[in-house]
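Peer 1: Sending over a structure as structure tokens; questions will come in a sec.
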Amino acid sequence: MTSTLFVADHLLTRPLVQHLRSVSPIDISLSPRFDSTGFALIEPGHIPDLPGHTIDSECGLSLRDCGTVQFLSPIRPDELDAPTIRLQTESITTELLARATLPSYFGFTGARWANSDGSGWDALVVDGSAGLAPTESAFCEDVVRAWFVLTGLPVVTHVLAVPDGFDPADRDAIVAAIHECFTASLEEAIIALTTAGAEEERVRDLFDNLATVLGAEERLSVPELFRRAQLGPRFGPFRWLT
Numbered sequence: 007m008t009s010t011l012f013v014a015d016h017l018l019t020r021p022l023v024q025h026l027r028s029v030s031p032i033d034i035s036l037s038p039r040f041d042s043t044g045f046a047l048i049e050p051g052h053i054p055d056l057p058g059h060t061i062d063s064e065c066g067l068s069l070r071d072c073g074t075v076q077f078l079s080p081i082r083p084d085e086l087d088a089p090t091i092r093l094q095t096e097s098i099t100t101e102l103l104a105r106a107t108l109p110s111y112f113g114f115t116g117a118r119w120a121n122s123d124g125s126g127w128d129a130l131v132v133d134g135s136a137g138l139a140p141t142e143s144a145f146c147e148d149v150v151r152a153w154f155v156l157t158g159l160p161v162v163t164h165v166l167a168v169p170d171g172f173d174p175a176d177r178d179a180i181v182a183a184i185h186e187c188f189t190a191s192l193e194e195a196i197i198a199l200t201t202a203g204a205e206e207e208r209v210r211d212l213f214d215n216l217a218t219v220l221g222a223e224e225r226l227s228v229p230e231l232f233r234r235a236q237l238g239p240r241f242g243p244f245r246w247l248t
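Below you can see the structure in the form of structure tokens.
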């Protein structure tokens, strides 16, 4: 039987999609959109939107010492007073990470978060390809590394959502494909990102730092991210698949 897998688009997940398309596994079918009865590799910020799924406790994507989320400021962050921070992102997980990390890490008081493109911001949070590009900002901080320094925990960037009533063989095939992809050569993905303007050294460090096995620290990190972000009951408890 063929299992359906939706992979949320992100520069970290694109190598997996390319891998699955190139090897054409007969037991995994890539879905262009989320299917409530299928598997999904998604950002943790969307966990509350999946009542019919549990979260795989052993497989996902995580980073520890570097990431794709950057905090940019024209002056030292400890000199900012009640800053307005613009979130230049479409990722709810990036927003969670910024809210959960930056005030405690830098000692902000009364920080205001803005998603609009309007003027009047004091600092900027960017992610994805923009988070890997060279910057002329006076101050730049890797928010993934800042989270690790602050909490001692890695950042889980993606989790594997497993549908209720799943076939264990389907789950095993998908987990194996994820592990296989990120232990294989990622040179094509590195070239694509550097061609798009990312710094090659940072891209190589990123993929060298990427882990696909979730352990106790990763399982602690996700609820801790929700707790520190303080965005209300929408980001409530969720179920690990054990």
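Residue numbers in the sequence shown follow the working numbering, run continuously in steps of one, and reach 248 at the last position.
Even for Gly, the Cβ is constructed at its ideal location relative to N, Cα and C.
A quick note: this is a predicted structure, and the numbers were derived from the prediction, not measured.
Please tell me whether F172 and I196 are closer than 8 Å, where the distance is taken between their beta carbons.
Peer 2: Going by C-beta atoms, F172 is not nearer than 8 Å to I196.
Peer 1: Can you check whether the CB of T107 is closer than 8 Å to the CB of G51?
Peer 2: In this structure, T107 does not lie closer than 8 Å to G51 by Cβ.
Peer 1: Report the residue ranges of all beta strand (DSSP E) runs contained in full by the stretch 44 to 72; include only those spanning at least 3 residues, in chain order.
Peer 2: Runs of the beta strand (DSSP E) inside the stretch 44 to 72: 45 to 48, 59 to 69.
Peer 1: If you reduce the DSSP assignment to three classes, tell me which class W127 lands in.
Peer 2: If DSSP states are grouped into helix, strand and coil, W127 belongs with coil.
Peer 1: I'd like to check one pair, L220 with F168: are the Cβ atoms closer than 8 Å?
Peer 2: Contrary to the premise, residue 168 reads as Val rather than Phe in this sequence. Against a cut-off of 8 Å, the Cβ pair of L220 and V168 comes out as no contact.
Peer 1: Helix, strand or coil for E142 per DSSP?
Peer 2: E142: coil per DSSP, three-state reduction.
Peer 1: Should E224 go down as buried or exposed, given a rule of 16 or more other Cβ atoms within 10 Å for buried?
Peer 2: Its Cβ being crowded by 16 or more others within 10 Å, E224 is buried.
Peer 1: Taking the C-alpha atoms as reference points, what is the distance between L159 and D211?
Peer 2: Near 18 Å, if we compare the C-alpha coordinates of D211 and L159.
Peer 1: Measure the Cβ-Cβ separation of L102 and N121 and say whether it is below 8 Å.
Peer 2: Not closer than 8 Å, so no.
Peer 1: Is it buried or exposed for V29, if we count other Cβ within 10 angstroms and need 16 for buried?
Peer 2: Classification of V29: exposed, given that the 10 Å Cβ count is below 16.
Peer 1: Which value, in whole angstroms, describes the spacing of the CA atoms of W153 and F145?
Peer 2: Roughly 17 Å between the two C-alpha positions.
Peer 1: Give the single residue among I180, S37, A129, V165 whose Cα lies nearest to the Cα of F77.
Peer 2: Per the Cα distances, A129.
Peer 1: Measuring straight from C-alpha to C-alpha, what distance separates D62 and D55?
Peer 2: About 16 Å.
Peer 1: Could you compute how far the alpha carbon of L22 sits from the alpha carbon of C187?
Peer 2: One C-alpha to the other measures close to 6 Å.
Peer 1: H185 to V209, Cα distance in whole Å?
Peer 2: Approximately 19 Å, taken between the alpha carbons.
Peer 1: Please give the ranges of any beta strand (DSSP E) in the stretch 135 to 210, keeping only runs that are unbroken, at least 3 residues long and fully inside the region.
Peer 2: Fully enclosed beta strand (DSSP E) runs of 3 or longer: 145 to 148, 161 to 169.
Peer 1: Which residues in the same chain have their Cβ closer than 6 Å to the Cβ of P80, if we skip the five residues on either side of it in sequence?
Peer 2: A144, listed in sequence order.
Peer 1: Excluding the five sequence neighbours on either side, which residues of its own chain have a C-beta within less than 8 Å of the C-beta of F45, listed in chain order?
Peer 2: For F45, where only same-chain residues beyond five positions count, the Cβ hits under 8 Å are S9, T10, L11, F12, L166, A167, V168, P169, F172, D176, R177, I180.
Peer 1: Would you kindly check if the distance between the Cβ of S97 and the Cβ of A204 is under 8 Å?
Peer 2: No.
Peer 1: Which residues bound the beta strand (DSSP E) around Q76?
Peer 2: Taken as a continuous stretch (DSSP letters only), the beta strand (DSSP E) holding Q76 covers 76 to 79.
Peer 1: Just to confirm, is the Cβ distance from L164 to E64 under 8 Å?
Peer 2: Sequence check: residue 164 is His here, not Leu. Taking 8 Å as the Cβ cut-off, H164 and E64 do not qualify as a contacting pair.
Peer 1: Taking only three categories from DSSP, how would you classify F118?
Peer 2: Position check: residue 118 holds Arg in this sequence, whereas Phe was assumed. Reduced to three states, the DSSP call for R118 is strand.
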